[in-house]
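Engineer: Keeping their order, the protein sequence lines are chains A and B. Going by numbering that gives the first Met the number 0, the first residue of the first sequence is number 0, and it counts up by one from there. Going by numbering that gives the first Met the number 0, the first residue of the second sequence is number 0, and it counts up by one from there. Using N, Cα and C, we set each Cβ at its ideal position, and we do this for glycine too. This is the structure, below, for whatever I ask next.
Number of protein chains: 2
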Amino acid sequence: MQQLGKAELKRLRALKTEHGREQHRLFVAEGYRLVRAALEASAAVTRIVMTPEFAHSSAGKELSQLAQGDKGIPLTIVEERVFRDIAATTHAQGVAAIVRMPGWPSRAPWQSGLTVALYRVRDPGNLGTIWRSAAWFGADRLVLSKGCVDPHNPKAVRATMGGIFYVPCEPVEDLANWLAAARAAGYRILAADVRGESDRWPADAKEAVLVAGGETEPLDPSVLRVVETTLRIPCWGAGDSLNVAMAVSILLDEWRRSQGDQLRPTGPSQGRGEPE
Amino acid sequence: MQQLGKAELKRLRALKTEHGREQHRLFVAEGYRLVRAALEASAAVTRIVMTPEFAHSSAGKELSQLAQGDKGIPLTIVEERVFRDIAATTHAQGVAAIVRMPGWPSRAPWQSGLTVALYRVRDPGNLGTIWRSAAWFGADRLVLSKGCVDPHNPKAVRATMGGIFYVPCEPVEDLANWLAAARAAGYRILAADVRGESDRWPADAKEAVLVAGGETEPLDPSVLRVVETTLRIPCWGAGDSLNVAMAVSILLDEWRRSQGDQLRPTGPSQGRGEPE
């Protein structure tokens with residue numbers, strides 16, 4: 000068991016802000032499932048922090064073993080009060096991993112040809128949930144425009160439920176330029192759009208980028224100019240739109256169904272980085 | 000313009016708690032899109048509250064006109080400070096509608112044969128987003144087990160983005176019993192399950208109930224016993240599961256695709272209660 004020095008505590012506290020995270024190149028992954036996912040994915044965990052209560056639970060013992068077994072990751076027990084200082088969420092279950100940035104691999108452990116590009120998705124829960132779905136369906140990477148929420152935001156990290164440790168995420172300066180280059184390189188550029196022209200994933204779109212925008216803002220005309228096909232999810236009842244994370248997840252499912260069996264499904268808990 | 004009396008303000012403040020909402024049979028729908036959706040769906044709005052700043056915006060003028068035109072709904076301008084007392088969310092945009100419970104119609108304005116039944120979904124954002132997707136895809140109703148979040152929770156209401164005003168929601172005492180009765184009445188009982196047996200919506204399931212559970216808790220054995228077919232969404236990458244709202248939305252999309260064109264899609268903003 001290690002103690003948290005004053006300087007170290009100050010550093011961990013600073014990770015609540017984007018500035019602090021950037022400065023220290025560290026971020027916090029909170030909660031049992033996420034910490035376990037970080038360890039299982041062999042993310043660059045520098046330290047695990049637990050409350051005494053969590054440390055004595057069976058989940059605490061399991062994580063301690065995982066962390067200290069062959070990995071030798073330092074484990075620190077801190078008082079409840081100190082833990083709350085480090086954790087950003089109210090219900091953090093008493094365990095958090097401090098992870099070295101960026102936290103994701105330089106490339107996905109599989110190769111599927113699909114990139115998800117997000118335009119001004121500001122809600123951390125939506126970004127994180129999209130990340131989780133991108134990992135589930137085996138997208139190769141995420142690309143974030145300016146104006147997206149910080150991918151190391153604690154709520155975003157938490158909502159990925161571990162997806163952050165499998166799918167690389169690349170912020171880009173100018174999304175329209177980036178998409179134009181991808182298109183020139185042979186990628187099909189598709190976009191989710193509530194008034195889109197097609198309601199089927201184009202069967203021949205193997206190397207593709209799926210673009211989706213935030214809730215309140217339509218895609219910028221400069222982005223739309225680079226898009227080849229807009230995809231819609233037909234409305235059968237009522238509403239102005241679907242939540243962006245729902246729309247992206249549905250289109251990822253449709254993408255997979257349209258591609259048949261090029262990759263074999265890995266099944267839950269088996270997608271541990273073995274390319275098919 | 001009306002003033003808020005002391006007693007009325009106290010009543011509105013009480014709507015932040017489930018107890019207060021039940022007592023007064025009222026709930027609060029916050030934000031421009033949601034208030035507009037309530038007015039367009041002709042929900043039982045008893046009052047609209049705005050900050051002076053919002054009242055002077057073009058959105059404020061639009062909503063005032065909608066509310067007062069033929070509906071004659073009272074409109075109250077309150078100071079920012081008072082508004083914050085009523086609104087539960089930090090970014091409430093300065094407008095809220097007070098709606099008489101339950102807020103949803105006694106039956107959906109369409110007839111599709113599909114019910115979504117949720118087991119212990121505790122996260123208000125997940126419940127609300129499922130509701131929004133249920134409305135989009137034209138599900139007939141939601142059914143909530145004991146242990147689900149209060150459907151009038153402000154975060155849940157907000158995440159429905161208006162779906163609450165189209166799809167009825169029915170809390171049931173004992174979900175397993177309720178499902179058994181539905182099965183006896185001829186409904187197919189399907190459940191989303193990460194280890195499910197089928198990855199296609201059964202083409203012959205026309206009158207069906209889709210059961211989905213909360214994040215951390217598997218479906219109770221008593222519930223599973225009534226389920227005929229478990230549906231899985233194959234994993235092609237990594238992860239333990241999908242978010243429950245993603246899973247339900249994806250299965251709703253698959254349901255619609257499996258059913259062909261029995262209902263015509265209504266398209267965004269056109270699903271105003273006309274059964275096809």
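If you measure from the beta carbon of residue 33(B) to each beta carbon in chain A, is any gap under 7 angstroms?
Structural biologist: no
Engineer: Anything in chain A within Cβ reach of residue 152(B), meaning under 9 angstroms, just list it in chain order.
Structural biologist: Those do not exist, as residue 152(B) stays about 16 angstroms from chain A at its closest Cβ, beyond 9 angstroms.
Engineer: At a CB-CB cut-off below 7 angstroms, which residues of chain B make contact with residue 132(A)?
Structural biologist: 241, 245
Engineer: Who are residue 119(A)'s beta bridge partners in DSSP?
Structural biologist: Looking at the DSSP assignment, residue 119(A) forms no beta bridge with any residue, so it has no partner.
Engineer: Show which residues of chain A have a CB atom less than 8 angstroms away from the CB atom of residue 255(B).
Structural biologist: Chain A residues near residue 255(B): 233, 235.
Engineer: Tell me which residues share the same chain as residue 249(A) and place their Cβ nearer than 6 angstroms to its Cβ, disregarding the 5 neighbours each side in the sequence.
Structural biologist: 232
Engineer: Applying the criterion that 16 or more other CB atoms from any shown protein chain within 10 Å of the CB defines a buried residue, is residue 253(B) buried or exposed?
Structural biologist: buried
Engineer: Give the secondary structure of residue 159(A) by DSSP, where H, G and I count as helix, E and B as strand, and everything else as coil.
Structural biologist: helix
Engineer: Could you work out which residues of chain B lie near residue 249(A), taking near to mean beta carbons separated by less than 7 angstroms?
Structural biologist: Chain-ordered, the chain B residues with CB closer than 7 angstroms to the CB of residue 249(A) read 248, 249, 252.
Engineer: Under 8 angstroms, with one C-beta from each stretch per pair, do the region 73-85 of chain A and the region 135-146 of chain A reach the 3-pair mark?
Structural biologist: no
Engineer: Kindly say whether residue 136(B), judged by its beta-carbon, lies nearer than 7 angstroms to any beta-carbon of chain A.
Structural biologist: yes
Engineer: Output, in chain order, the set of chain A residues within a Cβ distance shorter than 7 angstroms of residue 50(B).
Structural biologist: Residues of chain A passing the Cβ test: none, with the nearest at roughly 19 angstroms.
Engineer: Which residues of chain B have a Cβ atom closer than 7 angstroms to the Cβ of residue 103(A), listed in chain order?
Structural biologist: Going along chain B, no residue has its Cβ under 7 angstroms from residue 103(A), so there is no contact; the nearest lies around 11 angstroms.
Engineer: Would you kindly check if the distance between the Cβ of residue 115(A) and the Cβ of residue 26(A) is under 7 angstroms?
Structural biologist: Not closer than 7 angstroms, so no.
Engineer: In or out: residue 57(A) buried (at least 16 other Cβ within 10 Å) or exposed?
Structural biologist: exposed
Engineer: What would DSSP say about residue 226(B), mapped onto helix, strand or coil?
Structural biologist: coil
Engineer: Taking only beta-carbon positions, decide if residue 127(B) is within less than 7 angstroms of chain A.
Structural biologist: no
Engineer: Could you run through the region 103-123 of chain A and flag, in chain order, every residue whose CB is less than 9 angstroms away from some CB of chain B?
Structural biologist: 107, 108, 109, 111
Engineer: Apart from the five residues just before and just after residue 227(B), which ones in its own chain have a Cβ nearer than 8 angstroms to its Cβ?
Structural biologist: Excluding positions up to five away in sequence, the list reads 182, 187, 188, 189.
Engineer: Which residues in the same chain as residue 84(B) place their Cβ atom closer than 6 angstroms to its Cβ, once the five residues preceding and following it in sequence are excluded?
Structural biologist: 12
Engineer: Taking Cβ positions only, does residue 270(A) come closer than 7 angstroms to chain B?
Structural biologist: Model confidence at residue 270(A) stands at a pLDDT of 41, short of 50, so the residue's coordinates are unreliable and nothing is read from them.
Engineer: Does any CB atom of chain B fall closer than 7 angstroms to the CB of residue 238(A)?
Structural biologist: It does: the Cβ of residue 238(A) has a partner Cβ on chain B nearer than 7 angstroms.
Engineer: In the DSSP assignment, find the unbroken alpha helix (DSSP H) run with residue 249(B) in it and report its ends.
Structural biologist: 243-258
Engineer: Does the region 210-229 of chain B come within contact of the region 173-181 of chain B, defined as at least 3 CB pairs closer than 8 angstroms?
Structural biologist: yes
Engineer: Where in the region 49-114 of chain B do unbroken runs of the alpha helix (DSSP H), each at least 4 residues long, occur, reported from the N-terminal end onward?
Structural biologist: The region 49-114 of chain B contains these whole alpha helix (DSSP H) runs: 51-55, 57-67, 79-85.
Engineer: Span of the beta strand (DSSP E) holding residue 194(A)?
Structural biologist: Careful: residue 194(A) lies outside any beta strand (DSSP E) and carries neither H nor E.
Engineer: Please classify residue 184(A) as buried or exposed, where buried requires at least 16 neighbouring CB atoms within 10 angstroms.
Structural biologist: exposed
Engineer: Buried or exposed: residue 259(A), going by 16 or more other Cβ atoms within 10 Å of its Cβ?
Structural biologist: exposed
Engineer: I'd like to know if the region 189-200 of chain A and the region 151-166 of chain A are in contact, where contact means that at least 3 CB-CB pairs between them fall below 8 angstroms.
Structural biologist: no
Engineer: Say whether the region 57-69 of chain B touches the region 121-136 of chain B, bearing in mind that this needs 3 or more beta-carbon pairs closer than 8 angstroms, one atom from each stretch.
Structural biologist: Contact fails between the region 57-69 of chain B and the region 121-136 of chain B, because fewer than three Cβ pairs, one in each stretch, are under 8 angstroms apart.
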